[in-house]
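Peer 1: Right, I'll just put the structure down here and ask away after.
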């Protein structure tokens, strides 16, 4: 049975997307490069992403925009991102002919399961225990951080490159002073 790990980044910020990653790793993947994305330096995450994208049997990244988060809520948006990331990883695997028809089992970090087309389970702290989920965590965080750095170029006064949209004191204060940016989650309070 192949494991498709999935995790999200960006549930807590006041701005920007929620991003999910998914990864299906081969047995010979160098798992020593993996860890919970929050425990790796940015440099180590970027190095790991290159190896994950090169060696994974399948991988995917999905982003859900702030407007959708406001519409369906952050939990549903996180699960939707995980579902989309898993679909991309599984489709990549299917298209590679590397699966030999092996069943796929999705493991999602947390206590909720995305609605995917195969068996799935939720596992709290999976991003610190299951290599495929660690890889997914790294993909999600690195992709979301890159998005927020791009938004920083568009809206430099908000400091997105530094805090990535999280509710820091500086982020809250600039929102109070000049109002929310176009990527602000309107259902999240910055006051």
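In the working numbering, the protein residues as written are 5 to 195.
C-beta atoms are modelled at their ideal positions from N, C-alpha and C, and glycine is treated no differently.
As the structure is a computational prediction, the values presented were derived from the model and not from experiment.
Mapping DSSP to helix, strand and coil, what is residue 39?
Peer 2: Locating residue 39 in the chain shown gives position 35, where the first residue counts as 1. Three-state result, residue 39: coil.
Peer 1: Tell me the DSSP bridge mates of residue 109?
Peer 2: Position 105 of the chain shown, counted from the first residue, corresponds to residue 109. According to DSSP, residue 109 bridges with 7 and 123.
Peer 1: Nearest by alpha-carbon distance to residue 86: which of 126, 190, 163 and 36 is it?
Peer 2: Within the chain shown, the letter at position 82 stands for residue 86. Taking only the C-alpha atoms, the option nearest residue 86 is 126.
Peer 1: Quick check on this structure: which residue in 34, 144 and 58 has the alpha carbon closest to the alpha carbon of residue 67?
Peer 2: Locating residue 67 in the chain shown gives position 63, counting from the first residue. The shortest C-alpha separation from residue 67 is found at 144.
Peer 1: Could you spell out where the alpha helix (DSSP H) holding residue 55 opens and where it closes?
Peer 2: Within the chain shown, numbered from 1, the residue matching residue 55 stands at position 51. 46-59 is the span of the alpha helix (DSSP H), which, as asked, contains residue 55.
Peer 1: Measure the Cβ-Cβ separation of residue 2 and residue 112 and say whether it is below 8 angstroms.
Peer 2: Examination of residue 2 is not possible in this model, given that the chain is present from 5 through 195 alone.
Peer 1: If I measure Cβ to Cβ from residue 96 and keep anything under 6 angstroms in the same chain, skipping five residues before and after, which residues do I get?
Peer 2: Along the chain shown, one-based indexing puts residue 96 at 92. These residues qualify, in order along the chain: 62.
Peer 1: Between which two residues does the beta strand (DSSP E) carrying residue 172 extend?
Peer 2: Reading the chain shown from its first residue, position 168 is the one you call residue 172. Run containing residue 172: none; DSSP gives neither H nor E here.
Peer 1: Would you call the CB atoms of residue 90 and residue 53 closer than 8 angstroms?
Peer 2: Here residue 90 refers to the residue found at position 86 of the chain shown. Here residue 53 refers to the residue found at position 49 of the chain shown. In this structure, residue 53 does not lie closer than 8 angstroms to residue 90 by Cβ.
Peer 1: Considering only the alpha carbon of each residue, which of 49, 84 and 29 lies closest to residue 59?
Peer 2: Here residue 59 refers to the residue found at position 55 when the chain shown is read from its first residue. Per the Cα distances, 29.
Peer 1: Note down the Cα distance separating residue 39 from residue 20, rounded to an integer number of angstroms.
Peer 2: For the purposes of this step, residue 39 is identified with residue 35 of the chain shown, where counting begins at 1. For the purposes of this step, residue 20 is identified with residue 16 of the chain shown, where counting begins at 1. Spanning the two alpha carbons is a distance of roughly 24 angstroms.
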